[in-house]
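Chain order of the listed sequences is Y and C.
Take the numbering used here: the final residue in the first sequence is number 264, and no numbers are missing along the way.
Take the numbering used here: the final residue in the second sequence is number 264, and no numbers are missing along the way.
Backbone N, C-alpha and C define an ideal beta-carbon position, used for all residues, glycine too.
Because the structure is a prediction, the values reported are computed rather than measured.
To start, the structure itself, in structure tokens.
There are 2 protein chains.
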Amino acid sequence: VSQDPGVHLIPLGQIPDVAPGDSIAELLLASLRETGLALVDGDVIVVAHKIVSKAEGRIISLHDVEPSLRASALADRLEADSRLVEVILRESRRVIRAENGVLITETHHGFKCAHAGVDRSNAGPPEADTVVLLPLDPDSSARRVRDELKVTTQCEIAVIINDSHGRPWRMGTVGLALGSCGVAPLKDLRGQTDMYGRELVSSRIALIDEIAAAASLVMSGADERVPAVLVRGLSYPRSLQGAASILRPRDRDLFP
Amino acid sequence: VSQDPGVHLIPLGQIPDVAPGDSIAELLLASLRETGLALVDGDVIVVAHKIVSKAEGRIISLHDVEPSLRASALADRLEADSRLVEVILRESRRVIRAENGVLITETHHGFKCAHAGVDRSNAGPPEADTVVLLPLDPDSSARRVRDELKVTTQCEIAVIINDSHGRPWRMGTVGLALGSCGVAPLKDLRGQTDMYGRELVSSRIALIDEIAAAASLVMSGADERVPAVLVRGLSYPRSLQGAASILRPRDRDLFP
Numbered sequence: 009v010s011q012d013p014g015v016h017l018i019p020l021g022q023i024p025d026v027a028p029g030d031s032i033a034e035l036l037l038a039s040l041r042e043t044g045l046a047l048v049d050g051d052v053i054v055v056a057h058k059i060v061s062k063a064e065g066r067i068i069s070l071h072d073v074e075p076s077l078r079a080s081a082l083a084d085r086l087e088a089d090s091r092l093v094e095v096i097l098r099e100s101r102r103v104i105r106a107e108n109g110v111l112i113t114e115t116h117h118g119f120k121c122a123h124a125g126v127d128r129s130n131a132g133p134p135e136a137d138t139v140v141l142l143p144l145d146p147d148s149s150a151r152r153v154r155d156e157l158k159v160t161t162q163c164e165i166a167v168i169i170n171d172s173h174g175r176p177w178r179m180g181t182v183g184l185a186l187g188s189c190g191v192a193p194l195k196d197l198r199g200q201t202d203m204y205g206r207e208l209v210s211s212r213i214a215l216i217d218e219i220a221a222a223a224s225l226v227m228s229g230a231d232e233r234v235p236a237v238l239v240r241g242l243s244y245p246r247s248l249q250g251a252a253s254i255l256r257p258r259d260r261d262l263f264p
Numbered sequence: 009v010s011q012d013p014g015v016h017l018i019p020l021g022q023i024p025d026v027a028p029g030d031s032i033a034e035l036l037l038a039s040l041r042e043t044g045l046a047l048v049d050g051d052v053i054v055v056a057h058k059i060v061s062k063a064e065g066r067i068i069s070l071h072d073v074e075p076s077l078r079a080s081a082l083a084d085r086l087e088a089d090s091r092l093v094e095v096i097l098r099e100s101r102r103v104i105r106a107e108n109g110v111l112i113t114e115t116h117h118g119f120k121c122a123h124a125g126v127d128r129s130n131a132g133p134p135e136a137d138t139v140v141l142l143p144l145d146p147d148s149s150a151r152r153v154r155d156e157l158k159v160t161t162q163c164e165i166a167v168i169i170n171d172s173h174g175r176p177w178r179m180g181t182v183g184l185a186l187g188s189c190g191v192a193p194l195k196d197l198r199g200q201t202d203m204y205g206r207e208l209v210s211s212r213i214a215l216i217d218e219i220a221a222a223a224s225l226v227m228s229g230a231d232e233r234v235p236a237v238l239v240r241g242l243s244y245p246r247s248l249q250g251a252a253s254i255l256r257p258r259d260r261d262l263f264p
């Protein structure tokens, strides 16, 4: 183990393809054993939402989807699969943009993202035509994984469930937190002073999103063989508040 | 040095307050020596834009700023300092939103962010009423730091200049790349296959933004005592293309 200060992002591989009913905590513990690591207080584990969704049965075969008239019309316009659009609409409370082949919606959780987070990649064998949905309640999922890990290890850790989303103004996706438990979603610097003694008036860091993005760096690969990352050495304010608290309230959204 | 796989985020402190004309590369090399580290091929150094801006003389005292009528009217509406608004307008090509005390503009570079990136914190002693502007050309700044480090160390490294910006739909700021050199801004997974052999059709990861966010995790503090971070152990596609390439073109911006 390194003596350096700083933060270590350790990939947790060796996690087999996940099926409905699997325990994410057990899979993580097995992977940690394979990697020769034991959890310690303060560790953060970031888990790709895809394996959480699979474990929770949030997968659906497009063979079983009957598109509505609304979905068919929208799919026509976007040149998309009408069954996929049907699933996206079911997962959404409203459509934000539907143009240039892009479908951005607000999910029932309040996430604003392309395709309501519904994803075909690594969802299942091609002939099954499976898609993976987002977990129903990612904060609860994070809390459950954390609680189960605590029972076994007695460690106070944090768990973040991440996904990769696009941004309105910049190309490419970045990792962000769909759910979290054990780490404060926002790190508040207000009231602290700068190097010249001047008090900061507005500085809140989206801590869980930065952790989620950092973890994505060692996760990201086409085949998603590293669906979890151990973040070690980070000091952070602890909190049981979830990632839902980071969603900007509708009445303060300047880009609806 | 750790034998573990994975990525290490190492804070580079011991960097004194930066003045116009200082060489960022020299300050980084001195900090690395203090930390007992030598650069190796593949290292990425992330530098907070604030010290780059200071070294490039991109600081201004509000005492020297005469607000225009337009700035004064806008400042009235936002209950803001009219001299600060004047500076923000000078740094911007257009105002995107000005309401609820929030001023979001598009900078001359094309960054869309609050206050055109103009920041009072850690800008200078309070009586000087100094603000720090963004570097004029952050990609050139990154390239210069990288080239200077290469002359001394002979190492092929990458340099990213980061800042923290808010997002339209989520609270809090995250680190992102204003400028870069040596690492591909976008990591393109298109054409690769998933774990079931299905070809990915749309997956581009904003690699430099994820690295910038990861570095922010060990940088972020009110007094900004860690203005640079060494990212070691990351494998990434190399490129001399800069961060400007990650800005979404205006005709594809659905949230203007």
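- For Y:D147, the uninterrupted alpha helix (DSSP H) segment begins and ends at P146 to T161.
- Along the region 16–43 of chain Y, going in chain order, the ones with a CB nearer than 8 Å to a CB of chain C are H16, L17, I18, P19 and D25.
- Residue pairing by DSSP places Y:G187 opposite Y:I169 in a beta bridge.
- Relative to the Cα of C:V110, the nearest Cα in the group Y:R206, Y:G125, Y:S210 and Y:D25 belongs to Y:S210.
- Under the criterion of beta carbons closer than 8 Å, C:V234 and C:P19 qualify as touching, at roughly 4 Å.
- Scanning chain C for C-beta atoms nearer than 9 Å to the C-beta of Y:V73 yields nothing, as the closest lies near 18 Å away.
- Put simply, the backbone Cα of C:V26 is about 24 Å away from that of Y:I213.
- The C-beta of Y:A222 comes closer than 7 Å to at least one C-beta of chain C.
- Nearest in C-alpha terms to Y:E207, of all of C:K195, C:A230, C:E42 and C:I67, is C:A230.
- The beta carbons of C:R258 and C:D51 sit no closer together than 7 Å.
- Comparing alpha-carbon positions, the option among Y:N108, Y:S76 and Y:R102 lying closest to Y:L86 turns out to be Y:N108.
- Contact of Y:G205 with chain C by beta-carbon distance below 9 Å involves P133 and P134.
- According to DSSP, C:I104 shares a beta bridge with no other residue.
- Going by C-alpha positions, Y:P193 is about 20 Å away from Y:G14.
- The residue from C:R102, C:A106, C:R154 and C:V126 with its alpha-carbon nearest to that of C:I68 is C:V126.
- Under the three-state reduction of DSSP, Y:H117 is assigned to coil, being neither helix nor strand.
- DSSP places C:T138 in the uninterrupted beta strand (DSSP E) bounded by T138 to V140.
- Under the Cβ criterion of 7 Å, C:S228 is counted among the residues facing chain Y.
- Counting every other CB atom within 10 Å of its CB across the protein chains shown gives Y:V159 a total below 16, marking it as exposed.
- Spatial neighbours of C:R105 in its own chain (CB-CB distance under 6 Å, excluding positions within 5 residues in sequence) are listed in chain order as I112.
- Shown here is that no member of the region 45–57 of chain C has a Cβ falling below 7 Å from a Cβ of chain Y.
- Within a 10 Å sphere around the beta-carbon of C:A46 sit fewer than 16 other beta-carbons, which makes this residue exposed.
- Three or more beta-carbon pairs separated by less than 8 Å link the region 161–178 of chain C to the region 218–230 of chain C, which places the two stretches in contact.
- Note that the C-beta distance between Y:E164 and Y:D49 is below 7 Å.
- In the DSSP assignment, C:I213 forms a beta bridge with Y:T181 and C:K195.
- For Y:V182, a Cβ of chain C is located within less than 7 Å of the residue's own Cβ.
- Across the set C:L37, C:P24, C:V54 and C:I23, the C-alpha of C:V54 shows the shortest separation from the C-alpha of C:H16.
- For C:L248, the nearest beta carbon of chain Y is not closer than 7 Å to its own beta carbon.
- Contacts with chain C at 7 Å (Cβ-Cβ) do not include Y:E99.
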